[in-house]
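Novice: Sharing a structure here in structure tokens format.
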Amino acid sequence: MKNFFPVVLLALATLSLGSCKKSDSDTAAVTGVWTRSAYLSGAKRSGAVSFTINNVAYTGLGMDGADSLGAFKDFYAYTATSNSWSRVARFPGKGRYLAVAFSDANFGYVGTGYDGLNYLSDFWKYDPTKDTWTRIANFPSARYGAVAFTVKNVGYVGTGNTGNTQNDFYQYNAGTDTWAAISSYPGAKRQGASAFTVNDKGYVMLGTDNAAYPADVYSYDPSTSTWSPHRQLILHSATSTDDLEYDYTLLPRANAASFAVGSMGYIATGTKGAIQGDCWAYNAADDTWTQKTAFNATTSGGGGGVGRSNAIGFTIGSTGYVGLGVTGTTRLDDLYQFAPDAAPQ
């Protein structure tokens, strides 16, 4: 049996504001309201996957913590218009957790992960019109804790742990059912990273490697096949080349949920030694982060559920969602939607 070392979860982190220009003297009001949606109709779980097709979200896999070999294979569809879950075809591969998923206009793709004994490389395609799964080409190497994103209906998968953390990346060609290596992620090797797609670029950040939490952020542009660096998640003083003063040191973490709405990317929850419950918005136009209402703020303050790790994040239309996951040893089945510009009461 291969050794698997989950990140230790402790207590809630203290939150503070960041991101302000040197000339700013007032702290901007924090916006965003989390609203509870329907509970998952299946078992509570963490380390699940999710993807969306035609404004329907699909989630499945994961584990409940009762048994390292008790990974799930069930899948569910969430319809926002009715705020309801329905069961769909069972995943035909091994039950697993910490797998990856992405989607194009017609299909969802799920693969890699850990089944409690082995790192996995198999990949499967889900067809929502037929409610069927089809085996596709294996990912080039077995791993768990990888990350995925989609740009213009093409999926990209990389990083993760193969026994050691990695920074390699691959593109999936659905027409030929093949994986092709692209340039490796330029930052540190990692597992438990987060990703979102904004303006036809895939952004990758966060994660952990050897108990460190990297501060680098890069975006991949398929039109030029290049990675570009962005502001690091650090405490920064104004310089001759960057006059913005900011403190992004609260951002680095692993196993955070992520999603994108319009031209903004979002990360929430995760772990950095302690469970995280805060939420941040990324503006690609000026390469800045702004703290939003915390996921674990009080209900009267616009918050949602408890802080957590290994949650899912997805987008339906113009709404982002975060749910499931684990806090301490407790698995969760709740789901919350986020209105980023709404003012807490």
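When you line the sequence shown up against mature numbering (1 follows the signal peptide of the UniProt record, and there is no 0), it's residues -21 to -1, 1 to 324, in that order.
Every residue, glycine too, gets a C-beta built ideally from N, C-alpha and C.
#1: Taking only three categories from DSSP, how would you classify Ser82?
#2: Hey, could you find the ends of the beta strand (DSSP E) Arg66 is sitting in?
#3: Between the stretch 81 to 89 and the stretch 22 to 39, do three or more beta carbon pairs fall short of 8 Å?
#4: Work out the CA separation of Lys109 and Gly244 for me, nearest whole Å.
#5: Secondary structure at Ser279, three-state DSSP: helix, strand or coil?
#6: Taking Gly95 and Ala50 to be in contact with their CB atoms under 8 Å, please state how far apart those CB atoms are, rounded to whole angstroms.
#7: Within 8 Å, do at least three Cβ pairs link the stretch 305 to 317 to the stretch 68 to 79?
#8: I need the straight-line Cα distance from Ala56 to Ser65, nearest angstrom please.
#9: Please report the distance separating the alpha-carbon of Ser100 from that of Ala116.
#10: Cβ of Asp53 less than 8 Å from any chain E Cβ?
#11: Determine the DSSP secondary structure at Gly90, reduced to helix, strand or coil.
#12: By DSSP, does Arg15 sit in helix, in strand, or in coil?
#13: DSSP state of Phe317, grouped into three classes?
#14: With Phe81 and Phe30 assumed to form a contact (beta carbons below 8 Å), what rounded beta-carbon distance in angstroms separates them?
#15: Consult DSSP for Asn34 and reduce its assignment to one of helix, strand or coil.
#16: Mind checking which residues open and close the beta strand (DSSP E) that includes Arg114?
#17: Would you tell me roughly how many angstroms separate the C-alpha atoms of Ala318 and Thr298, rounded to the nearest one?
#18: Shortest alpha-carbon distance to Ala174 belongs to which of Asn143, Ala260, Val285 and Trp103?
#19: What are the boundary residues of the beta strand (DSSP E) that includes Met184?
#20: What is the DSSP secondary structure of Asp265, counted as helix, strand or coil?
#21: Identify the continuous beta strand (DSSP E) that holds Val130 and give its terminal residues.
#22: By how many angstroms is the C-alpha of Tyr227 removed from the C-alpha of Thr272?
#23: Straight-line CA distance for Thr157 to Tyr151?
#24: Give the secondary structure of Asn140 by DSSP, where H, G and I count as helix, E and B as strand, and everything else as coil.
#25: Have a look at Ser63 and Thr218 and give me their C-alpha separation to the nearest angstrom.
#26: Asn97 and Gly171 - do their beta-carbons sit closer together than 8 Å?
#27: Can you find the residues in the same chain that come closer than 7 Å, C-beta to C-beta, to Leu77, ignoring five residues on each side of it along the sequence?
#28: Suppose you measure from the CA of Pro231 to the CA of Tyr192; what does that come to, to the nearest Å?
#29: Buried or exposed, going by whether 16 or more other CB atoms sit within 10 Å of the CB of Asp222?
#30: Given this structure, state the Cα-to-Cα distance separating Ala264 from Gly241, to the nearest angstrom.
#31: What are the boundary residues of the beta strand (DSSP E) that includes Phe238?
#32: Since Thr129 and Asp83 are thought to touch, with beta carbons under 8 Å apart, how far apart are those beta carbons, to the nearest angstrom?
#33: With 16 other CB atoms within 10 Å as the buried threshold, where does Asn132 fall?
#34: Does His209 come out as helix, strand or coil in the three-state DSSP assignment?
#35: Give me the DSSP bridge partner(s) of Ala260.
#36: Report the residue from Ile32, Ile213, Gly249 and Thr144 whose alpha carbon sits nearest the alpha carbon of Asn275.
Specialist: On the basis of the data shown:
#1: Numbered from its first residue, the sequence shown carries residue 82 at position 103. In this structure, Ser82 counts as strand in the three-state DSSP scheme.
#2: Counted from its first residue, the sequence shown places residue 66 at position 87. That run of the beta strand (DSSP E) goes Ser63 to Val67.
#3: yes
#4: Within the sequence shown, residue 244 is the residue found at index 265, counting from 1. Within the sequence shown, residue 109 is the residue found at index 130, counting from 1. Looking at the two C-alpha atoms, the distance is approximately 32 Å.
#5: Along the sequence shown, read from residue 1 onward, the residue named residue 279 stands at position 300. In this structure, Ser279 counts as helix in the three-state DSSP scheme.
#6: Here residue 95 is taken as the residue at index 116 of the sequence shown, counted from 1. Here residue 50 is taken as the residue at index 71 of the sequence shown, counted from 1. Right, the Cβ-Cβ distance comes to about 6 Å (below 8 Å), so this counts as a contact.
#7: no
#8: Position 77 of the sequence shown holds residue 56. Position 86 of the sequence shown holds residue 65. Roughly 5 Å between the two C-alpha positions.
#9: Taking the first residue of the sequence shown as 1, we reach residue 100 at position 121. Taking the first residue of the sequence shown as 1, we reach residue 116 at position 137. When rounded, the distance between both Cα atoms is 9 Å.
#10: In the structure shown, chain E does not exist; there is a single protein chain.
#11: As a working note, residue 90 is residue 111 in the sequence shown. Reduced to three states, the DSSP call for Gly90 is strand.
#12: As a first step, residue 15 must be located in the sequence shown, where it is residue number 36. It is a strand residue.
#13: Here residue 317 refers to the residue found at position 338 of the sequence shown. Residue state, collapsed to three classes: strand.
#14: Taking the first residue of the sequence shown as 1, we reach residue 81 at position 102. Taking the first residue of the sequence shown as 1, we reach residue 30 at position 51. Cβ atoms of Phe81 and Phe30 come within 8 Å of each other, at about 6 Å.
#15: Here residue 34 is taken as the residue at index 55 of the sequence shown, counted from 1. Coil at Asn34, not helix or strand.
#16: Here residue 114 is taken as the residue at index 135 of the sequence shown, counted from 1. Counting along the chain, the beta strand (DSSP E) containing Arg114 begins and ends at Thr111 to Ile115.
#17: The count along the sequence shown starts at 1 and reaches residue 318 at position 339. The count along the sequence shown starts at 1 and reaches residue 298 at position 319. Their backbone Cα atoms lie some 7 Å apart in a straight line.
#18: Translated into the one-based positions of the sequence shown, residue 174 becomes position 195. Ranking the options by Cα distance to Ala174, first place goes to Ala260.
#19: Within the sequence shown, the letter at position 205 stands for residue 184. Met184 -> beta strand (DSSP E) spans Lys180 to Met184.
#20: As a position in the sequence shown, residue 265 is number 286, starting the count at 1. Correct three-state label for Asp265: coil.
#21: Here residue 130 is taken as the residue at index 151 of the sequence shown, counted from 1. First-last of the beta strand (DSSP E) with Val130: Val126 to Val130.
#22: Taking the sequence shown and counting its residues from 1, one reaches residue 272 at position 293. Taking the sequence shown and counting its residues from 1, one reaches residue 227 at position 248. When rounded, the distance between both Cα atoms is 16 Å.
#23: Mapped onto the sequence shown, residue 157 falls at position 178. Mapped onto the sequence shown, residue 151 falls at position 172. The straight-line gap from Cα to Cα measures roughly 6 Å.
#24: Here residue 140 corresponds to residue number 161 of the sequence shown, with the count starting at 1. Strand at Asn140.
#25: Within the sequence shown, residue 63 is the residue found at index 84, counting from 1. Within the sequence shown, residue 218 is the residue found at index 239, counting from 1. Approximately 51 Å between the Cα atoms of the pair.
#26: Residue mapping note: residue 171 aligns to position 192 of the sequence shown, counting from 1. Residue mapping note: residue 97 aligns to position 118 of the sequence shown, counting from 1. No; because the gap between Cβ atoms is not below 8 Å, this pair is not in contact.
#27: In the sequence shown, residue 77 corresponds to position 98, counting from 1. The answer, listed in chain order, is Gly26, Gly92, Tyr93, Tyr123 and Gly124.
#28: Start at 1 with the first residue of the sequence shown, and residue 231 comes out as number 252. Start at 1 with the first residue of the sequence shown, and residue 192 comes out as number 213. Computed Cα separation, rounded: 6 Å.
#29: Within the sequence shown, numbered from 1, the residue matching residue 222 stands at position 243. Exposed, by the Cβ-count rule.
#30: Along the sequence shown, read from residue 1 onward, the residue named residue 264 stands at position 285. Along the sequence shown, read from residue 1 onward, the residue named residue 241 stands at position 262. In a straight line, the C-alpha of Ala264 is about 12 Å away from that of Gly241.
#31: Here the question's residue 238 lines up with position 259 in the sequence shown. Note, Phe238: beta strand (DSSP E), Ala236 to Val240.
#32: To locate residue 129, count along the sequence shown from 1; it is residue 150. To locate residue 83, count along the sequence shown from 1; it is residue 104. Here Thr129 really is in contact with Asp83; their C-beta atoms are around 6 Å apart, less than 8 Å.
#33: Residue numbering aside, residue 132 sits at position 153 when the sequence shown is read from its first letter. With fewer than 16 Cβ atoms within 10 Å of its Cβ, Asn132 is classed as exposed.
#34: Translated into positions along the sequence shown, residue 209 becomes position 230. DSSP places His209 in the coil class of the three-state scheme, outside both helix and strand.
#35: For the purposes of this step, residue 260 is identified with residue 281 of the sequence shown, where counting begins at 1. Ala260 is bridged to Tyr245 and Thr269.
#36: Working through the sequence shown from its first residue, we reach residue 275 at position 296. Of the candidates Ile32, Ile213, Gly249 and Thr144, the one whose C-alpha sits nearest the C-alpha of Asn275 is Gly249.
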